[in-house]
Amino acid sequence: MRILALESSCDESAAAVLDSARGLLAHAVFSQIELHRIYGGVVPELASRDHVQRLLPLLREVLRAAATAPGELDGVAYTAGPGLVGALLTGAALARSLAFAWGVPALGVHHLEGHLLAPLLEPEPPPFPHVALLASGGHTMLIEVQGIGAYRLLGQTRDDAAGEAFDKTAKLLGLPYPGGPELARIAEQGRAGAFVFPRPMLDRPGLEFSFSGLKTAVLHAVRDRVLDDTLRADVARGVQEAIVECLCVKAVRALDETDCEVLTVSGGVGANQQLRTTLTRALASRGARAYYPRPEFCTDNAAMIAVAGLARLAAGQHDDLAIGARAQWALDSLPPLISSEPLRYANS
Ligand code: KG4
Ligand code: ZN
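As structure tokens, this is what we get:
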């Protein structure tokens with residue numbers, strides 16, 4: 024089985040072709056970062072308009088790169104939510120229409136299920152069951168993953184997401200949008216211990232996070248001071264260490280509570296090198312192991328949507344003819360998946 028997948032939930036337009044026997048044949052992403060940068064964040068209407076222009080060229084590009092004619096496709100998957108509803112509708116309308124014209128089924132995929140399954144794109148995929156740490160711009164969750172479609176939420180953030188905390192504190196430091204990767208870059212020059220920011224919720228049991236206090240702490244730290252490169256780097260290092268420690272401690276606690284030795288890390292913040300190094304070290308000392316998607320599959324992409332879409336389409340799931348998108352969509356409301364055939368996700 025071979026499918027085309029489209030992603031358009033926020034500010035990345037993406038397309039991918041995935042084959043159940045040969046793995047990922049092609050994928051391409053167009054990031055709208057430059058378009059939104061002058062506004063300091065994503066402008067939903069601009070995002071939707073740009074997806075309309077980008078998606079068709081992207082899907083032509085991946086079909087060409089995958090040497091695949093439309094007649095060779097067995098289905099089309101697209102991100103149906105959660106996300107910006109206008110942006111989602113551009114991908115949904117295109118995917119649903121193409122599937123109708125090509126006479127194949129279409130399936131709306133849950134964006135977070137895509138992130139959760141992104142580690143399956145790697146040559147050494149994680150075994151089930153495992154615990155997933157999903158940290159993106161909109162979500163920070165620990166989830167017990169029994170199998171594809173069998174998700175149990177263990178804990179999540181009470182307020183800001185980890186990526187949001189990176190982005191908001193980066194903004195306070197005058198760094199360009201999106202701040203996460205930029206803050207991580209300058210943190211390398213920061214001095215250890217120059218700033219120690221609070222680690223909320225670490226001193227109490229449970230698997231919840233809270234990151235909204237970091238903004239205020241950073242605001243106090245830089246107030247009445249000259250924001251030069253040294254101060255920026257020191258604060259960035261302190262912020263990154265605080266976020267990384269919260270994520271690591273709770274991830275290890277989640278492994279303890281579920282008696283599991285396998286952790287996956289996905290979502291944009293999963294690309295953070297400090298997080299990877301700290302987690303890998305923490306897990307090695309207890310005989311557990313972490314699996315990461317490569318950085319380009321941590322941030323938004325269509326390859327991960329193809330993984331979730333292919334698994335579900337291969338099991339016979341598909342949508343009706345209506346074009347729909349959901350701004351909000353609970354992960355645990357997804358139908359469980361009884362897989363009918365073994366699937367290959369890594370490149371062959
Ligand atoms: O998964 P994603 O691409 O989009 C959402 O579904 O939200 O995640 C984007 C988030 C942004 O907040 C971005 O700043 C953050 O991931 N991010 C990073 C890094 N790369 C992306 N945060 C810290 N370090 C990074 N290297
Ligand atoms: Zn995402």
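Read in order, the letters of the sequence shown correspond to residues 24 to 371 in the working numbering. Note that the Cβ used here is the ideal one computed from N, Cα and C, for glycine as well.
Go ahead and label residue i buried or exposed: buried means 16 or more other beta carbons lie within 10 angstroms of its beta carbon, across all protein chains shown.
{"i": "Tyr-62", "result": "exposed"}
{"i": "His-133", "result": "buried"}
{"i": "Leu-143", "result": "buried"}
{"i": "Pro-201", "result": "buried"}
{"i": "His-243", "result": "exposed"}
{"i": "Thr-253", "result": "exposed"}
{"i": "Ala-110", "result": "buried"}
{"i": "Val-249", "result": "exposed"}
{"i": "Phe-151", "result": "exposed"}
{"i": "Ser-308", "result": "exposed"}
{"i": "Pro-149", "result": "buried"}
{"i": "Arg-87", "result": "exposed"}
{"i": "Asp-190", "result": "buried"}
{"i": "Leu-140", "result": "buried"}
{"i": "Asp-279", "result": "exposed"}
{"i": "Leu-333", "result": "buried"}
{"i": "Glu-264", "result": "buried"}
{"i": "Thr-301", "result": "buried"}
{"i": "Arg-208", "result": "exposed"}
{"i": "Ala-193", "result": "buried"}
{"i": "Ala-44", "result": "exposed"}
{"i": "Arg-227", "result": "exposed"}
{"i": "Gln-169", "result": "exposed"}
{"i": "Gly-212", "result": "Here the sequence assigns Gln to residue 212, which means Gly is not the residue at that position. Answer is exposed; the Cβ neighbour count stays below 16."}
Below 8 Å on the Cβ atoms is my guess for residue i versus residue j; work out the distance and round it to an integer in Å.
{"i": "Glu-145", "j": "Arg-317", "result": "7 Å"}
{"i": "Arg-259", "j": "Ala-184", "result": "The sequence as given places Ala at residue 259; Arg does not occur at that position. The pair is not a contact, with the Cβ atoms about 18 Å apart (cut-off 8 Å)."}
{"i": "Leu-176", "j": "Leu-354", "result": "7 Å"}
{"i": "Val-245", "j": "Val-262", "result": "Contact doesn't hold; Cβ gap of about 11 Å is too wide."}
{"i": "Thr-180", "j": "Phe-220", "result": "Their Cβ separation, rounded to whole angstroms, is 16 Å, which puts Thr-180 and Phe-220 out of contact at 8 Å."}
{"i": "Ala-129", "j": "Asp-342", "result": "5 Å"}
{"i": "Cys-269", "j": "Arg-222", "result": "5 Å"}
{"i": "Met-24", "j": "Asp-97", "result": "5 Å"}
Only counting the same chain, and skipping five residues up and downstream in sequence, which positions put a Cβ closer than 6 Å to that of residue i?
{"i": "Val-75", "result": "Thr-113"}
{"i": "Ala-92", "result": "none"}
{"i": "Ser-71", "result": "Gly-109, Ala-110 and Thr-113"}
{"i": "Ala-28", "result": "Ala-39, Ala-100, Ala-325, Ile-328, Ala-329 and Gly-332"}
{"i": "Gln-297", "result": "Gln-263 and Val-267"}
{"i": "Leu-117", "result": "Leu-78"}
Spatial neighbours of residue i within its chain, please: CB distance less than 7 Å, with the 5 preceding and 5 following residues excluded, ordered by chain position.
{"i": "Asn-370", "result": "Gly-46 and Leu-47"}
{"i": "Val-272", "result": "Leu-225"}
{"i": "Glu-30", "result": "Ala-37, Thr-102, Gly-114, Asp-323, Asn-324, Ala-325 and Ile-328"}
{"i": "Val-85", "result": "Ala-38, Ala-39, Val-40, Ala-49, His-50 and Ala-51"}
{"i": "Trp-352", "result": "Gly-104, Pro-105 and His-133"}
{"i": "Phe-320", "result": "Ala-141, Leu-144, Ala-326 and Met-327"}
{"i": "Leu-58", "result": "Leu-69 and Asp-73"}
{"i": "Leu-195", "result": "Lys-238, Val-241, Leu-242 and Val-245"}
Closer than 8 Å by C-beta to residue i: which residues in its own chain qualify, once you throw out the five before and the five after it? Chain order, please.
{"i": "Leu-107", "result": "Ser-32, Cys-33, Val-65, Pro-67, Ala-70, Ser-71 and Ala-350"}
{"i": "Leu-344", "result": "Arg-119 and Phe-123"}
With respect to 7 Å, is the separation between the Cβ of residue i and the closest non-hydrogen atom of the ligand NAP below this value?
{"i": "Phe-189", "result": "In the structure on display, the ligand NAP does not appear, and the ligands it does have are the ligand KG4 and the ligand ZN."}
>> Using a strict less-than 5 Å threshold between each residue's beta carbon and the heavy atoms of the ligand ZN, what residues do you get?
In response: For the ligand ZN, the selected residues are Ser-159 and Asp-323.
> Does the pairing of the region 153 to 171 with the region 276 to 288 give three or more beta-carbon distances under 8 Å?
Replying inline: Touching, yes.
> So, do the region 297 to 315 and the region 323 to 338 have three or more beta carbon pairs nearer to each other than 8 Å?
Replying inline: The region 297 to 315, when compared against the region 323 to 338, does not touch it at the 8 Å Cβ threshold.
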